[in-house]
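There are 2 protein chains.
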Amino acid sequence: MAEFSQDFFKTAVTVDNVIFGFDESDLKVLLIKRGTEPYTGLWALPGDFIYAQENIDAAAARILHELTGLEKVYLEQVRTFGAVGRHPLGRVITVAYFSLVKTNRHDVHASSFAQKAEWVNLSELRHVALAFDHDEILEACFNALKQRVRVRPIGFELLPPKFTLTELQHLYEAILEAELDKRNFRKKILSMDFIVDLNESQEGVAHRPARLYEFDKSKYEKFVSEGFNFEL
Amino acid sequence: MAEFSQDFFKTAVTVDNVIFGFDESDLKVLLIKRGTEPYTGLWALPGDFIYAQENIDAAAARILHELTGLEKVYLEQVRTFGAVGRHPLGRVITVAYFSLVKTNRHDVHASSFAQKAEWVNLSELRHVALAFDHDEILEACFNALKQRVRVRPIGFELLPPKFTLTELQHLYEAILEAELDKRNFRKKILSMDFIVDLNESQEGVAHRPARLYEFDKSKYEKFVSEGFNFEL
DNA sequence: TTACTTGGTGTAAAGTATGCACAAAGTCAG
DNA sequence: CTGACTTTGTGCATACTTTACACCAAGTAA
Chain A
82 MAEFSQDFFK TAVTVDNVIF GFDESDLKVL LIKRGTEPYT GLWALPGDFI YAQENIDAAA
142 ARILHELTGL EKVYLEQVRT FGAVGRHPLG RVITVAYFSL VKTNRHDVHA SSFAQKAEWV
202 NLSELRHVAL AFDHDEILEA CFNALKQRVR VRPIGFELLP PKFTLTELQH LYEAILEAEL
262 DKRNFRKKIL SMDFIVDLNE SQEGVAHRPA RLYEFDKSKY EKFVSEGFNF EL
Chain B
82 MAEFSQDFFK TAVTVDNVIF GFDESDLKVL LIKRGTEPYT GLWALPGDFI YAQENIDAAA
142 ARILHELTGL EKVYLEQVRT FGAVGRHPLG RVITVAYFSL VKTNRHDVHA SSFAQKAEWV
202 NLSELRHVAL AFDHDEILEA CFNALKQRVR VRPIGFELLP PKFTLTELQH LYEAILEAEL
262 DKRNFRKKIL SMDFIVDLNE SQEGVAHRPA RLYEFDKSKY EKFVSEGFNF EL
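Same order as they appear, the protein sequences are chains A and B.
Oh and the first sequence: position 110 is 191 in this note's numbering, straight run, nothing missing.
Oh and the second sequence: position 81 is 162 in this note's numbering, straight run, nothing missing.
Structure representation (structure tokens):
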């Protein structure tokens, strides 16, 4: 370590994680209400320091696990934020991630860094200030999701294993913030042979029940290896 | 700072910059030959610690400036690399950037962190091991460039202000690693009205001289604000 | 049995992308 | 000065992709 000046070790590195969920046609984000200074009482992204012997991805996964109990969740690094004044207590550089989880299946735990955690509708959040530069981070992560979802079949990570095409369409509409044509959407989705019809129907709905589908990941990967390129 | 444990300040944060240039139909990267341990004698990406009062983008720009004398260069953050063992002397997390420069206009300076710096053809580099995890970083940055260039008109950053359509085509072919059809390429490029014909011709070539064009950034921005979306 | 709600389906027209070959404009060598 | 050489610049026909659009079907509830 001799060549390193000690000055370069006065910076702390953290991870912040924008955890997206989808429920009742709304995109949601899992936020914590800050209980300590600074920014007490404001919503903030869940995040923590990266441990000395921990890879960055692992830190992001740990935060998610502590908060939700979930493992093996879709996780993607977006960008690193490190403006000099972004943390009032010192130089803190943070690596931003987003993750996609199936909300309804798991409750949210309180944890060491989260006195109170809650799913908040993205739309409600549009004009609420978050702690630190978390507005900016959230926006960057949402944009990353928007782009990513057009070109990788990751939407399914937000839905239960069995879903209807209408649910899938609503999900895409929420992410892309655009309306999609039903017939064209279904045509496109079904032309990709990895979204398979389960020959099952919804139950307990007060109208014509929809057919259920599932995403067949191994088929998708086979097509990719044959040169297929997902594009919505 | 009371709430921070000192443990979290044992990590150093650096920036590494993949500087791309283009000359004679080849994509090049500006690398430095390491003069000190570890990895003495290997090629490495130019990089440095982020100073205490310096934003991350500023650190990337500084490295580029020290090495080339250039300012206001195209610079984009790609991803942060921080695997626990990536630096043999301690925990070093690095934020990777790529930048695009017009190679031929400026020579390369030696500098504090670069005893010897040189433009290396990307193709020659394919099977040469770089220091640290710089192979991986280079690959990630090249992929980022590949994707970016399809959707933002950044190719021009690598060309002189006046260029021929053949030069532009060769540039895209080098980045995309694919051959493009001459007529279709020209049709597409010229249909975007921000690549303007200067009514000038090449001089001193031993064949029919090509017309010169320039990229009109303000026209491009006007079109973007009217809803135009670059796509190659 | 009727009203209500959401599901599921096809076609025509417009626009976009692709594949392809030859004359034009200059330099250079003899 | 002419012919060979090199690279530029151009258009059309075809296949493919995208878009716009409306009505019957299947179930529940009153």
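Built from N, CA and C at the ideal position, the CB exists for glycine as well.
None of these values were measured; they are calculated from a predicted model.
Name the one or two DSSP bridge partners that F266 (chain B) has.
Answer is none; F266 (chain B) lacks a bridge partner.
Using a Cβ-Cβ cut-off of 6 angstroms (strictly less than) and excluding sequence neighbours within five positions of P119 (chain B), which residues of its own chain qualify?
P169.
Looking only at C-alpha atoms, which of B:N310, B:E152, B:A142 sits nearest to V232 (chain B)?
The candidate whose alpha carbon is nearest that of V232 (chain B) is B:N310.
Quick one: grab the DSSP three-state call for K183 (chain A).
Coil at K183 (chain A), not helix or strand.
On a CA-only basis, which of B:L279, B:F244, B:F296, B:K268 is nearest D104 (chain B)? Give me that one, please.
The shortest Cα separation from D104 (chain B) among B:L279, B:F244, B:F296, B:K268 belongs to B:F244.
When the Cα of I113 (chain B) is compared with those of B:D107, B:I100, B:T247, which residue comes out closest?
Closest by alpha carbon: B:I100.
In this structure, how does DSSP classify V173 (chain A) when only helix, strand and coil are distinguished?
Of the three classes helix, strand and coil, the one that applies to V173 (chain A) here is strand, per DSSP.
What residue from B:E157, B:K227, B:P234, B:Y132 has the CA that sits closest to M273 (chain B)'s CA?
For the residues B:E157, B:K227, B:P234, B:Y132, the minimum Cα distance to M273 (chain B) belongs to B:P234.
Does the stretch 152 to 159 of chain A come close enough to the stretch 170 to 181 of chain A to have 3 or more Cβ pairs within less than 8 angstroms?
Yes: at least three Cβ pairs fall under 8 angstroms.
Using a threshold of 8 angstroms, state whether the C-beta atoms of G236 (chain A) and L219 (chain A) are closer than that.
The answer is no: Cβ separation not under 8 angstroms.
Tell me the rounded alpha-carbon separation between F85 (chain B) and T121 (chain B).
No answer about F85 (chain B) holds up, because its pLDDT of 48 lies below 50 and its placement is not dependable.
Would you identify the three-state DSSP class for R229 (chain B), choosing helix, strand or coil?
Reduced to three states, the DSSP call for R229 (chain B) is helix.
According to the neighbour-count rule (16 or more other Cβ atoms, all chains shown, within 10 Å of its Cβ), is A83 (chain B) buried or exposed?
Low local confidence applies: a pLDDT of 39 at A83 (chain B) is under 50, so the model's placement there is unreliable, and no value is given.
At a Cβ cut of 9 angstroms, what residues of the stretch 124 to 137 of chain B count as close to chain A, listed as they run along the chain?
Taking 9 angstroms as the Cβ-Cβ cut-off against chain A, the residues of the stretch 124 to 137 of chain B that qualify are F130, I131, Y132, A133, Q134, E135, N136, I137.
Would you say I174 (chain A) faces chain B, with C-beta separation under 8 angstroms as the test?
So yes, I174 (chain A) belongs to the interface.
Does any C-beta atom of chain A lie closer than 8 angstroms to the C-beta of V94 (chain B)?
True, the Cβ-Cβ gap to chain A drops below 8 angstroms.
With DSSP as the reference, label K109 (chain B) as helix, strand or coil.
Looking at K109 (chain B) - three-state DSSP - the assignment turns out to be strand.
8 angstroms is my cut-off, CB to CB: does A164 (chain A) come that close to chain B?
It does; some Cβ of chain B falls within 8 angstroms.
Just list the residues that DSSP pairs I276 (chain B) with in beta bridges.
Answer is B:F296.
Relative to the alpha-carbon of F266 (chain A), which residue among A:G116, A:S204, A:L246 has its alpha-carbon at the smallest distance?
If we check each option's Cα against that of F266 (chain A), A:L246 comes out closest.
What residues of chain B sit near Q283 (chain A), judged by a beta carbon separation below 7 angstroms?
Correct list: empty, because the minimum Cβ distance to chain B is about 37 angstroms.
Could you work out which residues of chain B lie near R160 (chain A), taking near to mean beta carbons separated by less than 7 angstroms?
The answer, in chain order, is Q158.
Note down the Cα distance separating E147 (chain B) from L126 (chain A), rounded to an integer number of angstroms.
Whole-angstrom Cα-Cα distance: 37 angstroms.
Helix or strand or just coil, what does DSSP make of E147 (chain B)?
Helix, per DSSP.
Given a cut-off of 8 angstroms on the beta-carbon distance, is the pair D278 (chain B) and Y253 (chain B) in contact?
No, Cβ-Cβ distance for D278 (chain B) and Y253 (chain B) is not below 8 angstroms.
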